[in-house]
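Worksheet: one structure, shown below.
2 protein chains.
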Amino acid sequence: MAKKAGPRAKAGEQAGAARGEERIRQRNEKAILRAATTLFAKKGFDGTRATEIAERAGLPKANLYYYFNTKEEIYRAAIRHLIAGWDKALRHIRADADPFEALEAYVREKLDYARKNADESRMFANEIISGAPFLSRADRKHMHDITLEKTLIIEQWVAEGRMRPVNPRHLFIVLWSTTQFYTNFEKITCDTLEKPRLSPSDYEDAARTIVETVLRGLRPGKASSDP
Amino acid sequence: MAKKAGPRAKAGEQAGAARGEERIRQRNEKAILRAATTLFAKKGFDGTRATEIAERAGLPKANLYYYFNTKEEIYRAAIRHLIAGWDKALRHIRADADPFEALEAYVREKLDYARKNADESRMFANEIISGAPFLSRADRKHMHDITLEKTLIIEQWVAEGRMRPVNPRHLFIVLWSTTQFYTNFEKITCDTLEKPRLSPSDYEDAARTIVETVLRGLRPGKASSDP
DNA sequence: GTCTATAGACAGATAGAC
DNA sequence: GTCTATCTGTCTATAGAC
Chain A
1 MAKKAGPRAK AGEQAGAARG EERIRQRNEK AILRAATTLF AKKGFDGTRA TEIAERAGLP
61 KANLYYYFNT KEEIYRAAIR HLIAGWDKAL RHIRADADPF EALEAYVREK LDYARKNADE
121 SRMFANEIIS GAPFLSRADR KHMHDITLEK TLIIEQWVAE GRMRPVNPRH LFIVLWSTTQ
181 FYTNFEKITC DTLEKPRLSP SDYEDAARTI VETVLRGLRP GKASSDP
Chain B
1 MAKKAGPRAK AGEQAGAARG EERIRQRNEK AILRAATTLF AKKGFDGTRA TEIAERAGLP
61 KANLYYYFNT KEEIYRAAIR HLIAGWDKAL RHIRADADPF EALEAYVREK LDYARKNADE
121 SRMFANEIIS GAPFLSRADR KHMHDITLEK TLIIEQWVAE GRMRPVNPRH LFIVLWSTTQ
181 FYTNFEKITC DTLEKPRLSP SDYEDAARTI VETVLRGLRP GKASSDP
């Protein structure tokens, strides 16, 4: 605790030593989080051994406990990092945008994010399926608030007659489910599409399907009511 | 192994005793599978302790190993039981049915099945996210074959002009994702809908949203091409 | 068919030399 | 900042009395 910067540290050398330690710390923490995310995605919290995280991160196990106090602390850090990434795709949904251009851009960015951050996506899915035991109240409030903000925009679009009436909360649920399924349940998707793994062009097909089914159903008809 | 039917068993009593044991066996195996499904759903395979299964099933732990040889055997039995249940909802999809009545009936039965078998649904989701390590080749082939059978029907409907063109495999993926999300990710859904838990009427809203977005987008337009 | 006791392996976490 | 050795507890699975 008190022992820092090595035995030969004197006043004046501490800043330089601290910077060096900081670099190592950042590199190692990143390696730990990366390794942990992959394992937590595959096996969940209880199923992931601290030893496995250490091996995959290329560090001795004891070092995990130097950078993080508990396995839970590693898990929570990974969740926080993921949630920070979720928000970005929602930026397309702005009141002044064209509803269908905005929603299509959102769908495409969401699919892309999941594809490029597959382990994080799966880890989060695992966390929710397990009953969200580690998702903090603050994280849940944040996700709730940003969703609410976007539902108001959908409601505005509906009120303006630019979209057919739809429950915006359920619409978001449908969009989340479809944009995450391909990555989270990749094994099923691969079996269904008869491919060993998913390529970008499969994600392009996914985007097209979502746009032509989910979103197309929301375009206002020329005859504004329906059979 | 050889010791059966208790000490006082004589020739002629064995059949009766065997029936009695059979009843106990069925009851206990069911209790074990039920308890295991709930726990596997929450914590995955590695995260679930045999002791917990036993406690929840109301049996001493050693009895688990009397009915099943390993924890994996329990897990596989639960998976098999679940897959047997998946097929039912697909029966609505018949070539001679109306496409939209058939698909709506499928969606509603699928949502209903997930709602009433939440633990099984979540356990299966957990298994796939984890990379499907225990899903047997035979199970995957079965799921693939039944899906293929139904995609042919969708293709026929499209060819007949009763539905807009769509990749049937992707359509099934979209329908699976939306009908399972509400149950598998119930925590997120509850936060989004601002409810402590999901009621049947929330599932009714879900069905309506899926029908009015996904399926509505597939109805052939009066003008058969599109902007 | 039930249950106690325990073997044997391995987990998370820590102490302290370097 | 790294790493060996180890503490303490828990796990799956089994042996064997009842």
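Chains as they are written, first to last, in the numbering used here: chain A, 1 to 227; chain B, 1 to 227.
For each residue, glycine too, the CB sits at the ideal point set by N, CA and C.
Reducing DSSP to helix, strand and coil, say where residue i ends up.
| i | result |
| --- | --- |
| V166/A | coil |
| F172/A | helix |
| G47/B | helix |
| N126/A | helix |
| D98/B | coil |
| G85/B | helix |
| L59/A | coil |
| K195/A | coil |
| P220/A | coil |
| F181/B | helix |
| L135/B | coil |
| E22/A | helix |
| F40/A | helix |
| T151/B | helix |
| I93/B | coil |
| T70/A | coil |
| E109/B | helix |
| N28/B | helix |
| E160/A | coil |
May I have the straight-line CA-CA distance separating residue i from residue j, to the nearest angstrom?
| i | j | result |
| --- | --- | --- |
| F100/A | L215/A | 7 angstroms |
| A159/B | T37/A | 45 angstroms |
| T179/B | Y66/A | 44 angstroms |
| R197/B | R23/A | 46 angstroms |
| T70/B | K61/B | 12 angstroms |
| K195/B | F68/A | 35 angstroms |
| G221/B | P220/A | 12 angstroms |
| A193/A | H170/B | According to the sequence provided, residue 193/A is Leu. The question's Ala does not apply to it. Spanning the two alpha carbons is a distance of roughly 8 angstroms. |
| A41/B | R140/A | 21 angstroms |
| H237/B | S136/B | There is no way to answer for residue 237/B, as the model of chain B reaches only from 1 to 227. |
| T147/A | D98/A | 19 angstroms |
| E109/B | A50/A | 42 angstroms |
| Y106/A | E29/B | 47 angstroms |
| E52/B | I79/A | 27 angstroms |
| A25/B | R115/B | Checking the sequence shown, residue 25/B turns out to be Arg, not Ala. Going from the Cα of R25/B to the Cα of R115/B covers about 28 angstroms. |
| E149/B | E155/B | 10 angstroms |
| L59/B | A118/B | 23 angstroms |
| D202/A | D202/B | 32 angstroms |
| H144/B | I153/B | 15 angstroms |
| T213/A | T183/B | 22 angstroms |
| R27/B | R34/B | 11 angstroms |
| I74/A | K187/A | 27 angstroms |
| R164/B | R164/A | 19 angstroms |
| H92/B | P168/A | 29 angstroms |
What does the Cβ neighbour count give for residue i, buried or exposed, with the cut at 16 atoms within 10 Å?
| i | result |
| --- | --- |
| E204/B | exposed |
| Y113/B | buried |
| T209/A | buried |
| R94/A | exposed |
| K88/A | exposed |
| R122/B | buried |
| G161/A | exposed |
| E13/B | At E13/B, the pLDDT of 37 sits below 50, so the modelled position is not reliable; the number obtained from the coordinates is stated separately. E13/B is exposed by the Cβ-count criterion. |
| A191/A | The sequence given here has Asp at residue 191/A, not Ala. D191/A comes out buried. |
| D96/A | exposed |
| P200/A | exposed |
| A138/B | exposed |
| E72/A | exposed |
Quick one, are the C-beta atoms of residue i and residue j less than 8 angstroms apart?
| i | j | result |
| --- | --- | --- |
| A57/B | A31/B | yes |
| A54/A | L64/A | yes |
| F124/B | L90/B | no |
| T151/A | F172/A | yes |
| G47/A | G44/B | yes |
| W176/A | F181/B | yes |
| I129/A | F185/B | yes |
| E127/A | G85/A | no |
| L218/B | V166/B | yes |
Which whole-angstrom value describes the C-beta separation of residue i and residue j, a residue pair presumed to lie in contact below a C-beta threshold of 8 angstroms?
| i | j | result |
| --- | --- | --- |
| A207/B | L111/B | 6 angstroms |
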